[in-house]
Structure formats: structure tokens, C-alpha cells
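Q:
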Amino acid sequence: MSKPTLSDLQAFMMVAARRSFAQAAGELGVSRSALSHAMRGLESALGVRLLHRTTRSVSLTEAGERLLTRLRPVLTDLDRALDDVAADDKGLRGTLRINGSEGAIRHLLQSVVPRYLAMYPDMELDLVADGRLVDVVGEGFDAGVRLGEAVHKDMIAVRVSEDLRFLAVASPRYLRRHGVPAVPDDLRAHRCIRQRLPSGKRYRWEFARYGQTFAIDPPGALTLDSNTLMVEAALDGLGIAYVPEPYAREALARKRLVAVLSDWCPFIPGLFLYFPGNRHIPAGLQAFIQLLRASGSCG
């Protein structure tokens, strides 16, 4: 069996990512027919079919999915090794890919990103805001940023923000009409703006006080999948929302929203940047971590 070439494997990765021979060929700078021929040669070399082809679409076979899963971290590590060699010789360069929630990416943009780009003009930052808790290694990221309680114990974690809390907030107009809840159980008589998680489940509101903890799936006719939209809905008087405090901070300061049940809203570990400890840390990520620690954004 002839061994596949690195260029063939990289081409397969591009086809798998774009699900289109035309788009993949355009990005690779080759003709569509040449790319199709290369993929057939790869399948012949491996002795398995990797791609389902129709006149309209391209999808991966089961074997193609397995190859993609194994190949992605290998080629990512190769790119990082080449970037590190270039960095040692010519200064920091390459691409740093970080996945995080929308709020986490926003925090990075407001804190360390401007200084990082100014200090390392040859670096490219690829920041992906994703509601899902992804496998950063399996999906080709250098690191992720999430709340500390969501970070797996086998990851190295670097603090990005101070501890934070979720707050129940509502507009003054809503509270004048419907009253102010005194304890979490009072929410059952209110209109609550519920949140749909990326998994499809609804988020249960969590409260704690005096050693007691409560997790409530509150009633409400409106469900959203964005903290930003939940704040906007609360501003419009549509009900009580339960969101991370940074999302509501400006509206609270301007008294357009009021926090309720504050005594029942404990602080939780804030945002952490995390990455696997059993793999080489690319130079770009090392520099990013150093800036995080030096900037004071990590507490």
C-alpha cells in the first residue's frame, strides 16, 4: 500500500471542513478535478471510502469521520511545531485558536487581546464564540475559556477573571406590576425568561443561602438561547431574567434593571483559560498566558 502524502491529508482536512470540492479547491489553489483525483488516490491508498459524493454535496463516511478525528490533532500539532521553529528564528508567528462562550470571548477582547496583537503583529488570533462545551483538542483548538466549574479536572487552568455570579434581574416597570420576589420559590408566581442551553435542555436557575441550595426551572412563556437577548427582554419588561452579572452590569448601573434575590445569588469561580497538560504548549499560547498573568485580568 502506498502511503498518503501530507498534502493529500491536508487536502482531505479541507474537504471535510468545507463539505465542498469547489470551496476546498478554491482555498487550496488547485482545480476541482485535481482535488477529486487526489481524494480518490487517498481512498485507494488507504483501501477505504472516505467521502460520500453527490452532485450537490460531500459528506464523510464512517471511516472518513474516524480519520478526521485522529488526523485533526496530529496535523494541528505539526502546525504548532512548525510555528514554534519559526518563532524561535524570526519572532512569534502563527495562529492561536481559542474557543469560548460569547461572554468569555468578549472578556478577552476587552482585556488581553489588544495588547497581544500589538506585541505580536505576526500572530493571528482565531477566537470562536461557541455555546457548546467543545473538545478543544479534538476540534483543533489550542485552548478554551469557560467558567471554572465547567473545566475538566485533567486540564491546566489559568484564571482569566474574578469570581462572578448569576443575578435575577427585571425592569422597574415589571416589578411595579408584578411585585418583588422575596425567596426563590416566589418565582413560580412570576413571568420568567428561560434559557435554552446548546444541548437543548433548559437552564435551571441555581440559588444558595444559609447552606441551602435550590435549582428551579421557573415558569415562563419566553425561552431564549442568548444572555444578551435575555437582558434585552428583561429591559422590555417581559419578565425576570437570570444572567451572568457582567451582561446586566450597565443596565443595573443606569437603573434600567433591578437585581432581585441578590442574597440568594452566590459567587462562583470565574472564567478560566484551559488546555491539556499532556501536550506541547505552543509559543503563541505561552505568550498569551504570560500576558493574562501580567495584565492582572486573572486576579
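First residue of the sequence shown: 1, per UniProt numbering; consecutive thereafter. Ideal placement from N, C-alpha and C gives every residue a C-beta, glycine not left out.
#1: Kindly give me the distance between the Cβ atoms of R194 and G220, rounded to whole angstroms, as I take these residues to be in contact under 8 Å.
#2: Hey, is the segment 217-237 in contact with the segment 180-195, meaning 3+ C-beta pairs nearer than 8 Å?
#3: Rounded to whole angstroms, what's the CA-CA distance from R254 to V128? Just pull it up for me.
#4: What would DSSP say about D154, mapped onto helix, strand or coil?
#5: Looking at the structure shown, is T5 part of a helix, part of a strand, or coil, going by DSSP?
#6: Could you give the DSSP three-state label for V113: helix, strand or coil?
#7: Taking the alpha-carbon positions, what's the C298 to E162 distance?
#8: Considering only C-alpha positions, which residue in the set V15, R279 and F288 is nearest to F272?
#9: Do the CB positions of V145 and I98 come within less than 8 Å of each other?
#10: Alpha carbon to alpha carbon, how far is L9 from R66?
#11: Which whole-angstrom value is the C-beta distance of V169 and A234, which I expect to be below 8 Å?
#12: Using beta-carbon positions only, say whether L125 and L96 come within less than 8 Å of one another.
#13: In its own chain, which residues sit with a C-beta less than 7 Å from the C-beta of V158, not counting the 5 before and 5 after it?
#14: Name the two residues that bound the continuous alpha helix (DSSP H) containing S44.
#15: Indicate the three-state DSSP secondary structure (helix, strand or coil) for T228 in the structure shown.
#16: Is the beta carbon of A63 sitting closer than 8 Å to the one on V74?
#17: With a threshold of 16 other CB atoms inside 10 Å of the CB of A182, please say whether the residue is buried or exposed.
#18: Do you know how far the Cα of A11 is from the Cα of L222?
#19: Could you check how far apart the C-beta atoms of V231 and A251 are, in whole angstroms? I think they sit under 8 Å.
#20: Can you tell me where the alpha helix (DSSP H) with I289 in it begins and where it stops?
#21: Three-state secondary structure (DSSP) at E62?
#22: Are the beta-carbon atoms belonging to R72 and G138 less than 8 Å from one another?
#23: Looking at the structure shown, is V183 part of a helix, part of a strand, or coil, going by DSSP?
#24: Going by Cα to Cα distance, which pick from D263, Y247 and W264 is closest to residue 354?
#25: Going by the beta-carbon positions, is the gap between R196 and R204 smaller than 8 Å?
A: With the structure as the only source:
#1: 5 Å
#2: yes
#3: 31 Å
#4: coil
#5: coil
#6: helix
#7: At C298, the pLDDT of 48 sits below 50, so the modelled position is not reliable; the number obtained from the coordinates is stated separately. Approximately 7 Å, taken between the alpha carbons.
#8: F288
#9: yes
#10: 13 Å
#11: 5 Å
#12: yes
#13: F272, L273, I289, L292 and C298
#14: R32 to L46
#15: helix
#16: no
#17: exposed
#18: 45 Å
#19: 6 Å
#20: A283 to S295
#21: helix
#22: yes
#23: coil
#24: Residue 354 is absent from the structure shown; the chain starts at 1 and stops at 299.
#25: no
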